[in-house]
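K.L.:
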Amino acid sequence: MTASQTQPHASRYPAGAQAFPHRDLLGIGQLERHEILFLLDEAEQWVDLNRQRQKHSDSLAGLTIINAFFENSTRTLLSFEIAGKRLGADVVNMHAAQSSVKKGETLIDTAITLNAMRADAIVIRHGSSGATGLIADKVDCPVLNAGDGQHEHPTQALLDALALRHALRERGQSGDDFTGLTITICGDILHSRVARSNLLCLQALGATVRLCAPPALMPSGIEAMGAQVFHDFDAALDGADVVMMLRLQTERMSGQFIPSAREYHYLYGLTAARLAKAGEGALVMHPGPMNRGVEIDSDVADMIDRSIITRQVEMGVAIRMAALDVLTRRTRGVAGWRETA
Ligand code: NCD
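Have a look at this one:
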């Protein structure tokens, strides 16, 4: 790796803050705008590498990364695993279903166990909001939040921002950030860590964010976070530049939140006719997994010139490589890391 690849982009940083100051990546809420841009910029080198036939770097050689997933995952687990391997680390996946969690071990004891194995980074997905923070308090290495309950999913928001930036740049539409863009996020906002992290990230990058859901699936008081709240999808779409659809997170619902999937689709499903109400050429996003025919129709999800859903997946690997690279710089004694003042 060349020196320029390992140096932070100094221009992103205010004077006196020349490197990434956080040990862990627990949420977008902990990041300043310039730190978000720094991670996006760092990911670009990995986007390039991932498009080569030879996709290997040895920058994390000798380090051990543990992916501890207490909830199901396809994209996030696979992309963290691929990211660690492409950086040359030894990557171990712990699936809660086969672990001692099933034997009654507490989260804290699991954390202490992972720490004793001298992991150099731990990636956690957990069903409880705040669980990753609890683990971070108990271990000596960087902790990356791969989704904690309804709280945050920071690498998802970062990969979404990177995918959007790439798509806009290809159209010649974007500078560095999303100033002037209106982004509509529609779906089960109440249970969505993706919505929360994206709201924080997109607003930090200058976008106007509209949130749309039936009243029962909209967290009360979310306006205080700067979002514009809608219950009428057509109004929320009016003139939007980007439409991000979210799944109904039925696994987090106790009781009946919507009358039926059919009615939900009628009111809140993204169909081609509905998309026409958004701004001209509006882009379509979805973090996956998609429920085709419920929150999004297949013809919209697969629209070649509008949907950037597979690009989101591509950017997921690059963003996770950037996060693992940046957060392990301290361990590796590489420039680009700074103790918090
Ligand atoms: C999301 C998640 O797990 O929060 N998926 C993902 O990470 N790509 C969204 C979801 O499960 O609906």
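For the sequence shown, the working numbering begins at 425 and goes up steadily by one. We treat Cβ as the ideally placed atom computed from N, Cα and C, and that holds for glycine.
Sorted by chain position, which residues of the same chain lie with C-beta nearer than 6 Å to Gly-573's C-beta, five sequence neighbours on each side aside?
P.N.:
Correct list, in chain order: Gly-551, Ser-552 and Ser-553.
K.L.:
Can you give me the C-alpha to C-alpha distance between Glu-763 and Gly-453, rounded to a whole angstrom?
P.N.:
In this prediction, Glu-763 has a pLDDT of 48, which is less than 50 and means its spatial position is unreliable; nothing more can be read from the coordinates.
K.L.:
Suppose the cutoff is 7 Å on Cβ atoms and the five residues either side in sequence are ignored; what does the same chain contact list for Ala-619 look like?
P.N.:
The residues are Ile-609, Ile-613, Leu-635 and Leu-670.
K.L.:
Where does Asp-514 fall in DSSP's three states?
P.N.:
strand
K.L.:
Tell me, please, which residues DSSP counts as bridged to Ala-365.
P.N.:
Residue 365 is absent from the model: the chain starts at 425 and stops at 765.
K.L.:
Pop quiz: Ala-685 and Val-708 are said to be a contact at Cβ under 8 Å. What is the actual Cβ separation, rounded to whole angstroms?
P.N.:
Rounded, the Cβ-Cβ distance is 20 Å, inconsistent with contact.
K.L.:
Return yes when at least one heavy atom of ligand 1 lies under 7 Å from the C-beta of Ala-500, else no.
P.N.:
Reading the sequence as shown, one finds Thr at residue 500 and not Ala. Yes - ligand 1 has a heavy atom lying nearer than 7 Å to the Cβ of Thr-500.
K.L.:
My output table needs one value for Ile-728: the three-state DSSP class, helix, strand or coil.
P.N.:
coil
K.L.:
In terms of residue numbering, what span does the alpha helix (DSSP H) encompassing Ile-536 cover?
P.N.:
531-540
K.L.:
Quick one: Cα of Asp-662 to Cα of Glu-704, how far?
P.N.:
10 Å
K.L.:
Write down every uninterrupted run of the alpha helix (DSSP H) in the stretch 545-586 whose length is 4 residues or greater and which is fully enclosed by it, in chain order.
P.N.:
555-562
K.L.:
Can you name the start and end residues of the alpha helix (DSSP H) that Arg-634 belongs to?
P.N.:
Taken as a continuous stretch (DSSP letters only), Arg-634 belongs to no alpha helix (DSSP H), being part of the beta strand (DSSP E) at 632-636.
K.L.:
For Arg-756, name the three-state secondary structure that DSSP assigns.
P.N.:
helix
K.L.:
Kindly provide the ranges of any beta strand (DSSP E) runs that are 3 or more residues long and lie completely inside the stretch 691-750, ordered along the chain.
P.N.:
707-709
K.L.:
DSSP on Leu-588, reduced to helix/strand/coil?
P.N.:
The three-state secondary structure of Leu-588, taken from DSSP, is helix.
K.L.:
To the nearest angstrom, report how far apart Ala-587 and Gly-712 are at their CA atoms.
P.N.:
14 Å
K.L.:
For Ala-702, which option in Leu-672, Ile-728 and Val-666 has the closest C-alpha, if you only look at C-alpha atoms?
P.N.:
Comparing Cα positions, the closest option is Val-666.
K.L.:
If you follow the alpha helix (DSSP H) that Gln-469 is part of, which residue opens it and which one closes it?
P.N.:
457-474
K.L.:
Between which residues of its own chain and Ala-412 is the CB-CB distance below 6 Å, once the five residues before and five after are set aside?
P.N.:
Shown here, the chain extends from 425 to 765; a query on residue 412 therefore has no answer.
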